[in-house]
Amino acid sequence: MTKLRTALAAALLAALVAVLVLTVRYDGYYTDPLGLSWWYGTAWVLFGAAVWALRAVPARHVAALVLAGSAAVASTGLVAPPRTSTDAYRYAWDGRVQASGTALPYDHAPADAALAPLRDPWLFPEGEEGCAGPGRARIAPAEDGTVRCTRINRPSVHTIYPPVAEAYFLGVHALSPEGSRLKPFQVGGAVAAVGVTGAVLLILRRRGAPPARAALWGWCPAVPIEAVNNAHVDVVGVLLAVAGLGLVAARRRLSGGAVLGAAVAAKLMPAVVLPGALSGVRRWRDAAAVLVPAAAVTVLSYVPYALLARDSVFGYLGGYVEEEGYGDAAARDRYALLRLVLPDDWAVFGLVAGAAAVCGYVLRRGDPERPWSGALLVTGTAFLLLTPGYSWYALLLVALVALDGRWEWLGVAVAGAARYVTAQGFEERDVVGTTVYAAALLAVLTGWALRRRHRPAPDSATPRPLPAPDRVPTA
Numbered sequence: 003m004t005k006l007r008t009a010l011a012a013a014l015l016a017a018l019v020a021v022l023v024l025t026v027r028y029d030g031y032y033t034d035p036l037g038l039s040w041w042y043g044t045a046w047v048l049f050g051a052a053v054w055a056l057r058a059v060p061a062r063h064v065a066a067l068v069l070a071g072s073a074a075v076a077s078t079g080l081v082a083p084p085r086t087s088t089d090a091y092r093y094a095w096d097g098r099v100q101a102s103g104t105a106l107p108y109d110h111a112p113a114d115a116a117l118a119p120l121r122d123p124w125l126f127p128e129g130e131e132g133c134a135g136p137g138r139a140r141i142a143p144a145e146d147g148t149v150r151c152t153r154i155n156r157p158s159v160h161t162i163y164p165p166v167a168e169a170y171f172l173g174v175h176a177l178s179p180e181g182s183r184l185k186p187f188q189v190g191g192a193v194a195a196v197g198v199t200g201a202v203l204l205i206l207r208r209r210g211a212p213p214a215r216a217a218l219w220g221w222c223p224a225v226p227i228e229a230v231n232n233a234h235v236d237v238v239g240v241l242l243a244v245a246g247l248g249l250v251a252a253r254r255r256l257s258g259g260a261v262l263g264a265a266v267a268a269k270l271m272p273a274v275v276l277p278g279a280l281s282g283v284r285r286w287r288d289a290a291a292v293l294v295p296a297a298a299v300t301v302l303s304y305v306p307y308a309l310l311a312r313d314s315v316f317g318y319l320g321g322y323v324e325e326e327g328y329g330d331a332a333a334r335d336r337y338a339l340l341r342l343v344l345p346d347d348w349a350v351f352g353l354v355a356g357a358a359a360v361c362g363y364v365l366r367r368g369d370p371e372r373p374w375s376g377a378l379l380v381t382g383t384a385f386l387l388l389t390p391g392y393s394w395y396a397l398l399l400v401a402l403v404a405l406d407g408r409w410e411w412l413g414v415a416v417a418g419a420a421r422y423v424t425a426q427g428f429e430e431r432d433v434v435g436t437t438v439y440a441a442a443l444l445a446v447l448t449g450w451a452l453r454r455r456h457r458p459a460p461d462s463a464t465p466r467p468l469p470a471p472d473r474v475p476t477a
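Numbering (the working numbering), first residue to last: 3 to 477.
And the structure:
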C-alpha cells in the first residue's frame, strides 16, 4: 500500500510536469489567451491532486520527493523563451549597460541614443519584419531611416529595479556565455526557485511541521511560469524573504532583519512581510533588532548607485505607480473589491484603514515563532485590497503559503493569473478581474471558517528549543 501511494503521488507529479511543458511551449498569450487559460487550469488541478496525494506518502520519503519534484517542475520553465512577459529583456539590458562601465540604467532609458553602441539585433530588431512580432515597442528610427524597435517594454523610461536586483542582473550577465540571450536568467530563476523549496523544507523541519507543505511552493504552476520561464527577479526577493523570516523565527533578529532588508532591495514588495517579522513583539529593542538592520541594508545597497548615478536611483517607480492606476482608483481596476462597497474616492482610504487594521492585529496577536503566518495575512490582505494585475507578484504569497500551510490563500495567486491571462480574452476585463478576486476572497473566508471550526493542532506538540537570540546593544 505504501508503494502504491508513493507511486500515485509520483504519477500525478509526472503528469503535472508534462502539462507544464506543454503549457510553457504554448505561445498563446497574445493570440489565444483563453486556450492558454485551459492549460493553466489543467496544471493547477494536477498540482492540487499531486499535493493531496503527497499526504499519503510515508514521511521518510516526502522531503526527497518534494525536492526532486521541485527541480523537475522548475525545469519545465526552461523549454521555451519567455511567453507572457518581456521583463527579462530589461534585465538583460540593465546587466549589459552596467557591464559596459560607461553608463547606469538609472541614467539612461533603453531608447536613448547615447546607448546605441550597446544595441544588437537580438534586443533591438530592425526593419518591418523584425518589428512585426508581439511585445515589441517602436523607437526612434536610425539616421538612415531604418525602422527599429525593441523587445524591452517601456523603452523610453529609466529602470525601476532596486540595487540588489541590478547587482543580480550584472552578475548573471557576467556569467552568461556569448549568445546565450535570456537562458541564463531562466536558469538563475530555476536555481532560486529550488533554493526556496530547500529553505522552506529546512524551516519546516526545524518546526517539526509536515514537509509536504513545501510542495505548495515547489510544485506550484506559478513557479515555473513566472520565476523560471518569465525569469522574474521576484524569486530572488522571495528567497531572501523566506531566509529572513526563518532567521527571525529562530530569534536571530539582527541577521534576519539584514536579510529581509536585502529582500526589499531586490524587489521592494517583500517589505510587506516586515509586520509579520514583528509578530507579537512587545519590546522596542526587539523590534529595532529587526527594523534597524533591515533599513540599514536597504539604504546601504543604494549608496554605490546613488554615488555614481546622475539621475534618481528610484527610476520610473513613481511613474509606474501612476501608470498602474494606484494613484487614481477610477483609472483602472485596482482596488476592485474595495470599490464594490466604497466610492472610488474613498478606495485609498479604505486600503490604508484595512492594511493598518491587519498590521495592528499581527503586531499585537501574531506568533513570534511563526512570523510567516502574520506575513501571509498582511501580504494576502494587501493583494485582496489592491487587486494587482500582474500574476508574478503572487510568488511571495505562494512561498508564505508553503511555510504556513493555509492553502486557501493560493486562490489569490490563481486570481492574479486569471486577471493577467484569462481576462485578455474578454472585452470586460475589469469585470473578470473583479470576479476572480472576489472568488479568491470567498475561498479565504471559507478556509478561515473551516479552520475555526476544526481548530487544527499546532505544528509540533513538543517544539524544539530555540537558539540564543542575537545580542542587541543597549543604551
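Think of the CB as a built atom: it goes at the ideal place given N, C-alpha and C, for glycine as much as any other residue.
Please check if any C-beta of chain E sits within less than 8 Å of the C-beta of residue i.
i, result
"V81", "Given the protein chain composition of this structure (a single chain), no chain E is represented."
Using beta-carbon positions only, say whether residue i and residue j come within less than 8 Å of one another.
i, j, result
"L249", "V261", "yes"
"P83", "L184", "yes"
"C133", "V149", "yes"
"A76", "P226", "yes"
"T389", "Y337", "yes"
"H234", "W394", "yes"
"G356", "R408", "no"
"G413", "A445", "yes"
"G97", "V189", "no"
"A396", "A415", "yes"
"R92", "I154", "yes"
"L405", "V202", "yes"
"A267", "P165", "yes"
"G282", "G368", "yes"
"P127", "A139", "no"
"G427", "L36", "yes"
"G317", "T88", "no"
"Y31", "W41", "no"
"A297", "G263", "yes"
"L22", "P306", "no"
"L342", "A349", "no"
"L386", "L344", "no"
Quick one: grab the DSSP three-state call for residue i.
i, result
"L14", "helix"
"C133", "coil"
"R150", "strand"
"V19", "helix"
"R140", "strand"
"E128", "strand"
"E371", "coil"
"S182", "coil"
"A51", "helix"
"N231", "helix"
"R287", "helix"
"R473", "At R473 the pLDDT is 40, less than 50, meaning the model places this residue with poor confidence; the figure from the coordinates comes in the next sentence. Reduced to three states, the DSSP call for R473 is coil."
"T383", "helix"
"A113", "coil"
"Y91", "helix"
"A252", "coil"
"W221", "coil"
"I205", "helix"
"G190", "helix"
"G258", "helix"
"Y304", "helix"
"P84", "coil"
"L270", "coil"
Just mark residue i as buried or exposed, buried being the case when its beta carbon has 16 or more other beta carbons within 10 Å.
i, result
"E228", "buried"
"P277", "buried"
"L399", "buried"
"F171", "buried"
"W286", "exposed"
"G418", "buried"
"K269", "buried"
"T300", "buried"
"L309", "exposed"
"L302", "exposed"
For the ligand ZN, is there a heavy atom less than 7 Å away from the beta-carbon of residue i?
i, result
"E128", "The ligand content of the structure shown is nil, which means the ligand ZN is not present either."
Three CB pairs or more closer than 8 Å across the stretch 186-203 and the stretch 8-17: no
Three or more C-beta pairs below 8 Å linking the stretch 205-216 and the stretch 54-73: yes
Counting beta carbon pairs with one atom in the stretch 107-125 and one in the stretch 303-320, are three or more of them shorter than 8 Å? yes
Would you call the stretch 42-53 and the stretch 433-446 touching, i.e. three or more CB-CB distances under 8 Å? Because the criterion of three Cβ pairs below 8 Å is not met, the stretch 42-53 and the stretch 433-446 do not touch.
Could you tell me whether the stretch 89-107 touches the stretch 53-60, where touching means 3 or more Cβ pairs closer than 8 Å? As far as the Cβ criterion goes, the stretch 89-107 does not touch the stretch 53-60, which means the pair count is below three.
Would you call the stretch 367-381 and the stretch 270-288 touching, i.e. three or more CB-CB distances under 8 Å? yes
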